[in-house]
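Below is one structure, written out as structure tokens; the observations come after it.
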Amino acid sequence: MKKLLVAFSALAAFTGSAMAADMAPRYAKAPPPVVPVYNWTGFYIFGGAGGGIWDASTNTRVTGTGNGLSINQTQGGDGWFGTVGAGYDWQFSSNWVFGIFGDGQFGSLRGTIQDPVFGWTSTIKMQDAWAGGARLGYLVAPNVLSYVNGGYSGSHWSGTNFLNTFSGFSIPFHTNSFNRNGAFVGGGVENNLNIFGINAPGWFMKTEYRAAYYGRQNITEFVNTTNLPTGHDISFQPWVQTISTSLVYRFNWGGPAVGHY
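Just so you know, we're using the numbering used here here: the sequence shown kicks off at 13 and counts up by one.
Okay, here's the thing in structure tokens:
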């Protein structure tokens with residue numbers, strides 16, 4: 013009997029130890045944190061507004077007299093514009109993005125142009141500009157792109173009706189509108205709106221600086237009534253600087269995917 017009791021006691025002790033082991037808390041290693049993975053490859057469109065200034069190297073000369081009488085001046089203007097455009101980007105590594113784009117600017121960057129030989133003055137405006145180029149960007153954060161860009165730019169400048177510089181009265185002389193082509197360089201920053209706490213998948217904001225350099229144009233002065241040349245030209249070479257902010261929509265974005273770095 014004593015042997016039987018000892019055997020039962022040993023069995024009970026073993027069973028209790030096993031149950032206690034099964035009931036002990038078990039801890040598993042936490043999974044690594046997930047981070048959003050963004051893909052910048054795809055089409056996008058944008059629209060916004062900005063402001064700009066221009067400076068122009070001008071030379072007024074009397075034509076038909078060899079070198080003749082000429083006067084050099086630097087003149088300029090400023091104003092506001094709207095912009096729209098589209099592009100396509102390729103994210104070719106974890107941090108680098110390359111893209112191509114085209115855009116237009118529509119508004120009025122307005123300034124003064126003068127003929128100091130005749131004593132005439134008027135207003136000239138860059139009414140619109142267009143550009144096509146490429147950009148190269150670096151992702152300073154998965155949803156923030158810092159970039160530089162450059163390419164071709166064209167511009168359209170208004171014609172003028174002159175005033176007498178001293179009296180301010182209108183006089184019957186004018187210049188015609190003209191186009192100028194050139195090149196631009198610039199840069200900016202583009203970021204997803206969620207960095208501001210806005211839940212808007214696919215929506216971005218970009219702010220960009222641009223400097224455009226245009227070729228020289230000889231602007232002929234005409235008589236309004238006969239449209240014949242007056243014998244004076246103004247050589248005009250503008251340099252335009254702009255800053256704009258735009259909303260961007262990326263068609264392939266759809267919010268970040270989930271993954272691990």
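All C-beta atoms, glycine included, are put in the ideal place defined by N, C-alpha and C.
Note that the structure is a prediction, hence the values are computed from the model and not measured.
Cα-Cα separation between residue i and residue j, rounded to whole angstroms
i: Thr133; j: Asn161; result: 37 Å
i: Tyr261; j: Gly62; result: 18 Å
i: Leu175; j: Glu220; result: 37 Å
i: Ile83; j: Ile255; result: 32 Å
i: Phe58; j: Gly97; result: 5 Å
i: Asn193; j: Ser165; result: 6 Å
i: Val73; j: Phe208; result: A small correction: the amino acid at residue 73 is Arg; Val does not occupy that position in the sequence shown. So the two alpha carbons sit approximately 55 Å from each other.
Residue nearest to residue i in terms of C-alpha spacing, selected from the options
i: Thr232; options: Ser189, Phe58, Ser179 and Gln103; result: Ser189
i: Leu259; options: Ile112, Gly91, Asn204 and Ala68; result: Asn204
i: Ser167; options: Thr124, Phe93 and His244; result: Phe93
i: Val129; options: Ala146, Thr177, Gln249 and Pro154; result: Thr177
i: Thr172; options: Pro241, Ser179 and Phe185; result: Phe185
i: Gly243; options: Leu121, Gln87, Asp127 and Ser120; result: Asp127
i: Gln87; options: Ser105, Phe216 and Asp67; result: Asp67
Residue i - DSSP class collapsed to helix/strand/coil
i: Phe113; result: strand
i: Ile255; result: strand
i: Asn206; result: helix
i: Phe130; result: coil
i: Ser106; result: coil
i: Phe277; result: With the chain covering only 13 through 273, there is no way to say anything about residue 277.
i: Phe263; result: coil
i: Arg228; result: coil
Presumed contact (8 Å Cβ cut-off) between residue i and residue j, rounded CB distance
i: Leu12; j: Trp52; result: As displayed, the chain neither begins before 13 nor continues past 273, which places residue 12 out of reach and without an answer.
i: Gly111; j: Asp101; result: 4 Å
i: Ala224; j: Ala141; result: 7 Å
i: Gly64; j: Val252; result: 6 Å
i: Tyr56; j: Phe263; result: 7 Å
i: Gly91; j: Ser120; result: 5 Å
i: Ile136; j: Ser182; result: Not a contact, Cβ separation roughly 16 Å.
C-beta atoms of residue i and residue j nearer than 8 Å
i: Asn191; j: Leu151; result: no
i: Gly116; j: Tyr159; result: no
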